[in-house]
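*Asks:* Below you will find the structure I want to go over with you.
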Ligand SMILES: [Zn+2]
C-alpha cells in the first residue's frame with residue numbers, strides 16, 4: 522500500500538470510540554469500563570479477571586485484610 526493510500530484509508534475510517542474507563546482495578550490497574558463486570562469489596566474495585574484469579578486465601582488476606590490465625 523502506498524503512503525498516500527494509508528493516509529486516505531485512515532482518513533476514511535470513522536474515529537475509534539474507546540470505551541471510557543469508569544474505574545481502575547486496584548490489583549492490576551486495568552480500566553473497568555462501562556459494561557464491564559467488577560466487584561467492590563471493602564471500597565476496593567476489582568475487575569472480574571482478577572476476581573477469577575484470586576484464591577479464597579488471597580481474597581481474605583490481601584483484599585479484606587484478614588489475618589491467618591494459628592489455632593491452639
Ligand atoms: Zn484486575
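Residue numbers (our numbering): 522 to 593.
Each residue gets a CB set at the ideal place from its N, CA and C atoms; glycine is no exception.
1) Is residue 563 near ligand 1, in the sense that its beta carbon is under 7 Å from a heavy atom of that ligand?
2) As a quick exercise: from 568, 536, 550 and 549, pick the residue whose alpha carbon is nearest that of residue 557.
3) So, with DSSP's three-state summary, where would you put residue 528?
4) Would the segment 570-577 count as touching the segment 535-551 if we require 3 or more Cβ pairs under 8 Å?
5) Since residue 554 contacts residue 536 with CB under 8 Å, what's their CB separation in whole angstroms?
*Replies:* Here's the rundown:
1) no
2) 568
3) helix
4) yes
5) Their Cβ separation, rounded to whole angstroms, is 17 Å, which puts residue 554 and residue 536 out of contact at 8 Å.
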